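S.K.: Top line first, the protein sequences correspond to chains A and B.
Taking our numbering as reference, the numbering of the first sequence is continuous, increasing by one, and the terminal residue is 276.
Taking our numbering as reference, the numbering of the second sequence is continuous, increasing by one, and the terminal residue is 276.
The C-beta atom is built at its ideal place from N, Cα and C for all residues, glycine as well.
Note that this is a predicted model, so its numbers are computed, not measured.
Here it is: the structure, laid out below.
There are 2 protein chains.
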Amino acid sequence: MSAVDRIQVADLQAKKQPRQARARATFDAIVEAGAQLLAAEGYAAVTTNRVAERAGVSIGSLYEYFPNKQSIIASALARVMREITAEVSHGLREALSLDGQPRAGIDSWMRAMTAALDRRGALLRVALREVPFLWDIPEVRGLSDTLQHIAQEGRRKSQRVVHFDDPEASTYLLMTMVWSAILQTVLYRPAHLSRERLTQTLVEMVLKLL
Amino acid sequence: MSAVDRIQVADLQAKKQPRQARARATFDAIVEAGAQLLAAEGYAAVTTNRVAERAGVSIGSLYEYFPNKQSIIASALARVMREITAEVSHGLREALSLDGQPRAGIDSWMRAMTAALDRRGALLRVALREVPFLWDIPEVRGLSDTLQHIAQEGRRKSQRVVHFDDPEASTYLLMTMVWSAILQTVLYRPAHLSRERLTQTLVEMVLKLL
DNA sequence: CATTAACCCGAATAAAAGCTCGGAAATACT
DNA sequence: AGTATTTCCGAGCTTTTATTCGGGTTAATG
Chain A
67 MSAVDRIQVA
77 DLQAKKQPRQ
87 ARARATFDAI
97 VEAGAQLLAA
107 EGYAAVTTNR
117 VAERAGVSIG
127 SLYEYFPNKQ
137 SIIASALARV
147 MREITAEVSH
157 GLREALSLDG
167 QPRAGIDSWM
177 RAMTAALDRR
187 GALLRVALRE
197 VPFLWDIPEV
207 RGLSDTLQHI
217 AQEGRRKSQR
227 VVHFDDPEAS
237 TYLLMTMVWS
247 AILQTVLYRP
257 AHLSRERLTQ
267 TLVEMVLKLL
Chain B
67 MSAVDRIQVA
77 DLQAKKQPRQ
87 ARARATFDAI
97 VEAGAQLLAA
107 EGYAAVTTNR
117 VAERAGVSIG
127 SLYEYFPNKQ
137 SIIASALARV
147 MREITAEVSH
157 GLREALSLDG
167 QPRAGIDSWM
177 RAMTAALDRR
187 GALLRVALRE
197 VPFLWDIPEV
207 RGLSDTLQHI
217 AQEGRRKSQR
227 VVHFDDPEAS
237 TYLLMTMVWS
247 AILQTVLYRP
257 AHLSRERLTQ
267 TLVEMVLKLL
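Below is the structure:
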């Protein structure tokens, strides 16, 4: 680990873009290997040599494209965050298309979020628990911001949403609570309660707050 | 870091109990130094030599009481969790004593939780984001379980709490959501919204769900 | 075909950090 | 006081791991 404490955002970016097709493959293989190792064995298990090995690439090639170990992990996580952002946004659009039926809309969106997170459970668990520079990755901050923007925009557009003293604060809290609850249940699997039950109940609760 | 991946719970416990008073002081100084370093500089900054140095103790003495680095951090975090558990439980008892007034009770308890977490914000931030074996620490699991027990017990005792299809699931979710929301706002400090506003709004939302 | 540029390789380097061990010093016990 | 036990010490061993670098290989270019 060492004195890798204060990390600059610049250090988290890839060093060089591949120009040829085979280089592109090398680059992708490295990112993919990093993601797999991280998800399967945790942050401490991600060493540059193991990443290179699993990617079927030499350690030298790895450093051709990435300035350091962190940038590999950051690239992998950035990719995942872009995917999740896309899926969640798409899920919202689909939910909004069910305009007349609030219950169906909420239900649809909750399930989209749950699915997006669940599909990447192992990786997210490690990322959230162990990666020290997680919140220095622009795409990670971006996802949080996106969620809040979506929520606040939804509030402004729809008159019927959230009638509390402070609309902005309550919208912030509602989004935070829903997102956290989903994350929590996806990552920590409560023993006695089925996920389906939890999803249904969550929908009920959200409806009651709107 | 090395191959410290699969950690046994036994490895997280102190090796030996101090018998003399000066030894007790040494032990405590080590735990305290670990906590301070962790909170101030993050997990990667906690090296055994630095802990010993900050504790004013030699590295040899450190290994007299702790079998490895993780056990120092685990001891520090276990202590904090016990403190938080105590404060939150105490806060609940105080809230319950305000029996007739649900709003005052909820408000009081929310504030107790917020205060308990806020006071240890820096340490908790690092613990939750960076400590790989956090959830292997019995006291950490204990806090989660305690919260759920408190919530479920409260539901059973009080008839007026949570009327949804599935009482157990909704109670689980409510507790999870509230705790997450407080943790989130304490750790991530949303820019535009004051903490006071958020607390008030959270109380309103909880009341609406009960 | 010649030349340049991009890409790939992996042994070796160097630094960091966890932990050991032999023995000295302080404290308790009788 | 004399002995046993507990505590403390810190230089150094060992292992791990990120990163470099000199040189070879493949692909683009003219």
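Cα separation between P168 (chain A) and Q214 (chain A)?
M.R.: For the purposes of this step, residue 168 (chain A) is taken as residue 102 along the first sequence, with counting starting at 1. For the purposes of this step, residue 214 (chain A) is taken as residue 148 along the first sequence, with counting starting at 1. Taking the straight line from one Cα to the other gives about 20 angstroms.
S.K.: Can you grab the Cα-Cα spacing for the pair G100 (chain A) / A89 (chain B), in whole Å?
M.R.: On the first sequence, position 34 is the one that residue 100 (chain A) refers to. On the second sequence, position 23 is the one that residue 89 (chain B) refers to. Approximately 45 angstroms, taken between the alpha carbons.
S.K.: Where do the N-terminal and C-terminal ends of the alpha helix (DSSP H) with T265 (chain B) fall, by residue?
M.R.: The count along the second sequence starts at 1 and reaches residue 265 (chain B) at position 199. Run containing T265 (chain B): 261-275, per the alpha helix (DSSP H) assignment.
S.K.: What residue from B:N134, B:S127, B:V123, B:L162 has the CA that sits closest to K223 (chain B)'s CA?
M.R.: As a working mapping, residue 223 (chain B) is identified with position 157 in the second sequence. Nearest to K223 (chain B) by C-alpha distance, out of B:N134, B:S127, B:V123, B:L162, is B:L162.
S.K.: Alpha carbon to alpha carbon, how far is E149 (chain B) from L158 (chain B)? Give it in angstroms, no decimals.
M.R.: Position 92 of the second sequence holds residue 158 (chain B). Position 83 of the second sequence holds residue 149 (chain B). If you take the alpha carbons of L158 (chain B) and E149 (chain B), they lie about 14 angstroms apart.
S.K.: Would a C-beta distance cut-off of 8 angstroms place F199 (chain B) and L78 (chain B) closer than the cut-off?
M.R.: Here residue 199 (chain B) refers to the residue found at position 133 of the second sequence. Here residue 78 (chain B) refers to the residue found at position 12 of the second sequence. Closer than 8 angstroms, so yes.
S.K.: If you measure between the beta carbons of A106 (chain B) and I203 (chain B), is that distance less than 8 angstroms?
M.R.: Translated into positions along the second sequence, residue 106 (chain B) becomes position 40. Translated into positions along the second sequence, residue 203 (chain B) becomes position 137. No.
S.K.: Using a Cβ-Cβ cut-off of less than 9 angstroms, give me the residues of the segment 192-212 of chain A that come near chain B, in sequence order.
M.R.: V192, L194, R195, E196, V197, P198, L200, W201, S210
S.K.: In its own chain, which residues sit with a C-beta less than 7 angstroms from the C-beta of M278 (chain A), not counting the 5 before and 5 after it?
M.R.: The structure shown has nothing for residue 278 (chain A), since chain A only spans 67 to 276.
S.K.: Please tell me whether S224 (chain B) has its Cβ less than 8 angstroms away from any Cβ of chain A.
M.R.: In the second sequence, residue 224 (chain B) corresponds to position 158, counting from 1. No, S224 (chain B) does not count as interfacial toward chain A.
S.K.: Quick one: residues in its chain with C-beta nearer than 6 angstroms to the C-beta of V154 (chain A), no 5 flanking neighbours on either side, listed in chain order?
M.R.: For this step, residue 154 (chain A) is matched to residue 88 along the first sequence. Excluding sequence neighbours, V154 (chain A) sits near M179, A182.
S.K.: Once the 5 residues before and after L209 (chain B) are set aside, which same chain residues still bring their CB inside 6 angstroms of it?
M.R.: Counting from one through the second sequence, the residue named residue 209 (chain B) turns up at place 143. Around L209 (chain B): M147, T151.
S.K.: With DSSP run on the structure shown, which of helix, strand or coil describes A69 (chain A)?
M.R.: The count along the first sequence starts at 1 and reaches residue 69 (chain A) at position 3. Low local confidence applies: a pLDDT of 46 at A69 (chain A) is under 50, so the model's placement there is unreliable, and no value is given.
S.K.: Of the residues that make up the segment 245-256 of chain A, which ones have a beta carbon closer than 7 angstroms to any beta carbon in chain B?
M.R.: Those would be S246, A247, Q250, P256, in chain order.
S.K.: Below 8 angstroms between beta carbons is the criterion; list the residues of the segment 95-111 of chain B that meet it against any residue of chain A, in chain order.
M.R.: Cβ contacts with chain A come from E107, G108, Y109, A110, A111.
S.K.: Below 8 angstroms on the Cβ atoms is my guess for T265 (chain B) versus R185 (chain B); work out the distance and round it to an integer in Å.
M.R.: Within the second sequence, the letter at position 199 stands for residue 265 (chain B). Within the second sequence, the letter at position 119 stands for residue 185 (chain B). By a beta-carbon distance limit of 8 angstroms, T265 (chain B) does not contact R185 (chain B). Their separation comes to about 15 angstroms.
S.K.: Alpha carbon to alpha carbon, what distance is there between V244 (chain B) and G171 (chain A)?
M.R.: Residue numbering aside, residue 171 (chain A) sits at position 105 when the first sequence is read from its first letter. Residue numbering aside, residue 244 (chain B) sits at position 178 when the second sequence is read from its first letter. Roughly 24 angstroms between the two C-alpha positions.
S.K.: Have a look at A:V192, A:L128, A:A247 and flag the residue whose alpha-carbon is nearest the alpha-carbon of A110 (chain A).
M.R.: On the first sequence, residue 110 (chain A) is found 44 positions in, with the first residue counted as 1. Here the closest residue by C-alpha is A:V192.
S.K.: Taking the alpha carbon of G92 (chain A) as the reference point, which residue from A:Y131, A:E219, A:A76 has its own alpha carbon closest?
M.R.: Translated into the one-based positions of the first sequence, residue 92 (chain A) becomes position 26. First, the residue type needs correcting, since residue 92 (chain A) is Thr and not Gly in the sequence shown. Out of A:Y131, A:E219, A:A76, A:Y131 has the C-alpha closest to the C-alpha of T92 (chain A).
S.K.: Hey, how far is the Cα of V197 (chain A) from the Cα of S137 (chain A)?
M.R.: If you number the first sequence from 1, residue 197 (chain A) lands on position 131. If you number the first sequence from 1, residue 137 (chain A) lands on position 71. So the alpha carbons of these two residues sit roughly 12 angstroms apart.
S.K.: To the nearest angstrom, how far is it from the Cα of A235 (chain B) to the Cα of V269 (chain B)?
M.R.: Position 169 of the second sequence, counted from the start, is the residue given in the question as residue 235 (chain B). Position 203 of the second sequence, counted from the start, is the residue given in the question as residue 269 (chain B). Computed Cα separation, rounded: 20 angstroms.
S.K.: Can you tell me whether S68 (chain B) is buried or exposed, with buried defined as 16 or more other CB within 10 angstroms of its CB?
M.R.: The residue given as residue 68 (chain B) occupies position 2 in the second sequence. Unreliable positioning characterises S68 (chain B) in this predicted model, as indicated by a pLDDT of 42, which lies under 50. The coordinate reading is nonetheless provided below. The residue in question, S68 (chain B), is exposed, as its Cβ has fewer than 16 Cβ neighbours within 10 Å.
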